[in-house]
Amino acid sequence: MITVKCGSHIAGRMILSPERLMVFEYDANWLKNGFALSPFFLPLKAGAMTARREPFHGNFGVFADSLPDGWGNLLLDRVLRKYGLDPASLTTIQRLSLVGNNGMGALTYEPAFAVSEPQALEDLNEIAAEVEMIMNDQAYMESVDELYRQAGSSAGARPKVLIMHEGEHWLVKFASSMDPDNIGEIEFEYSQRARRAGIEMPETRLFEGKYFGVKRFDREGEERIHMISAAGLLHADFRVPSLDYTELIKATRALTGSVVEVEKMYRLMAFNVLIGNNDDHARNFSFIYKKGEWKCSPAYDLLPSVGMNGEHCTAVAGSGRPDEGDMLRVAAQCSIENVRAKEIIAEVGRSL
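Here our numbering = 1-based position in the sequence shown + 20.
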């Protein structure tokens, strides 16, 4: 059994069924004073709830969000092998225990299990050099412990670490083997363009003049902010194209009940289409819960990307290669007035 906490409070407990499906039940006190961690798949109600087999291998989406993928998974598997453990043998419960209190968002898991307790690397140039060694040599184990701990459960293929800078929480990215050397400068430039387009962005900066950093929106001082990705919210498989912006915007309306939040998501769609960000998969959209309300999170991972077969991971009114007409069809399907949709698209276009 594993205990799930949200901030300092016990939210519920989970076990793994004989069929290897996660079974979750809210804590009695959380039922009185808490909120639904995942409104569509874990409504706030008494009794045990069992996860579906797919798309998260028997896990609930909100807890699957806590698990690393891409770079984080690569590091975790290396660490496990370094200590003689077979990554394939770990259950979902054990993987969540490895996340412990080092995950993104507000959720933590007890009992927490650490393979090792390494010292953090502090010099970003040293980290970049270690990242390159790990990517180029499958047998390289020198700093995997340190980098795994500093990566937390952050998602995505790009190498990254979580750091403290001037008393605040930041995420810093490094180039992967597929990236140009100036990828940090490119992402920083697009974060500036997104701001000009009216998109809500976290604070961003270049560390050492080349490493792209983004201030974490799931932390405010020592407070942890609950978040859920669109993949976790909708149980959408982020590894393959499985979502349409029509569904995403309708889900935004259902979750938030806010026209402002609906327009935020529509504006983000327009920006992704106009810059050619085809890597707009379901884990690259998130929602946060603050002060009793769900809202769209600040945007992230915004830069041009080819994607699968040159198409968007999230379709636009069914199209993987959308134009303005497709964006206007999304507006019509989501009850956004045509005039307002055109205004948003034009505002984004002018910012580029």
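Ideal placement from N, C-alpha and C gives every residue a C-beta, glycine not left out.
Query	Result
Among E39, L116, R33, nearest to L62 - alpha-carbon criterion	R33
Limits of the unbroken alpha helix (DSSP H) element including E166	164-171
Per DSSP, cross-strand counterpart(s) of T266	BP columns for T266 are empty, so no partner.
Cβ-heavy atom distance, M221 to the ligand FAD, below 6 Å	Within the structure as shown, the ligand FAD is missing, as the structure has no ligands at all.
Closest Cα partner of G233 within the set E146, I308, A274, E188	E188
Neighbour-count burial assignment, P261, 16 or more Cβ in a 10 Å radius	buried
Y31, DSSP secondary structure in three states	Checking the sequence, you will find Ala at residue 31 rather than Tyr. DSSP places A31 in strand when its eight states are reduced to three.
I364 versus G92 - alpha carbon distance	36 Å
Where the alpha helix (DSSP H) containing G153 begins and where it ends	Here residue 153 is Met; the residue named in the question, Gly, does not match the sequence. That run of the alpha helix (DSSP H) goes 144-156.
Proximity below 7 Å, CB of M289 to CB of T272	no
Whole-Å CB distance - V181 paired with A171, under 8 Å assumed	6 Å
Beta-carbon gap between F80 and M124 smaller than 7 Å	no
Spatial neighbours of L118 in its chain, beta-carbon cut-off 6 Å, leaving aside the 5 residues before and after	F133
Meets three-Cβ-pair contact criterion under 8 Å: the segment 313-327 and the segment 262-282	yes
Given 8 Å, three or more beta-carbon pairs between the segment 343-356 and the segment 242-254	no
Spatial neighbours of T334 in its chain, beta-carbon cut-off 6 Å, leaving aside the 5 residues before and after	L263, Y265, D300
Top-ranked residue by Cα proximity to L268, from Y210, W190, A337	A337
Residue environment, Y103, which counts as buried when at least 16 other CB atoms sit within 10 Å	exposed
Straight-line Cα distance separating L254 from Y60	Looking at the sequence shown, residue 60 is not Tyr but Phe. F60 and L254: Cα-Cα distance of roughly 7 Å.
Cβ-based neighbour list, T70, same chain, cut-off 6 Å, excluding 5 preceding and 5 following	L41, V43
Own chain, CB closer than 8 Å to E357, minus 5 neighbours either side, in chain order	A351
In chain order, each beta strand (DSSP E) run of at least 3 residues that lies wholly inside the segment 92-132	127-130
Where the beta strand (DSSP E) containing F232 begins and where it ends	231-235
Local Cβ density within 10 Å of V359, reported as buried at 16 or more and exposed below that	exposed
Supposed contact pair I245 and I308 - C-beta distance, whole angstroms, cut 8 Å	5 Å
Nearest-angstrom Cα separation, counted from E152 out to M198	12 Å
Residue-chain proximity (G104, chain C), Cβ-Cβ < 7 Å	In summary, chain C is missing from the structure at hand, where a single protein chain is found.
Reference A256, options L57, I22, D47, R73, closest by Cα	R73
Helix, strand or coil at V359 [DSSP, three-state]	helix
Proximity to F55 [Cα-Cα], best of G312, N122, F237, Y231	G312
Sub-7 Å separation of L323 and V368 beta-carbons	no
Rounded separation between E228 and E146 - CA only	12 Å
Rounded distance between the beta-carbons of L105 and Y168, thought under 8 Å	So it is not a contact: roughly 13 Å between Cβ atoms.
Within 7 Å, strictly: CB atoms of K25 and T111	no
Straight-line gap, I113 to E220 (C-alpha atoms, nearest Å)	35 Å
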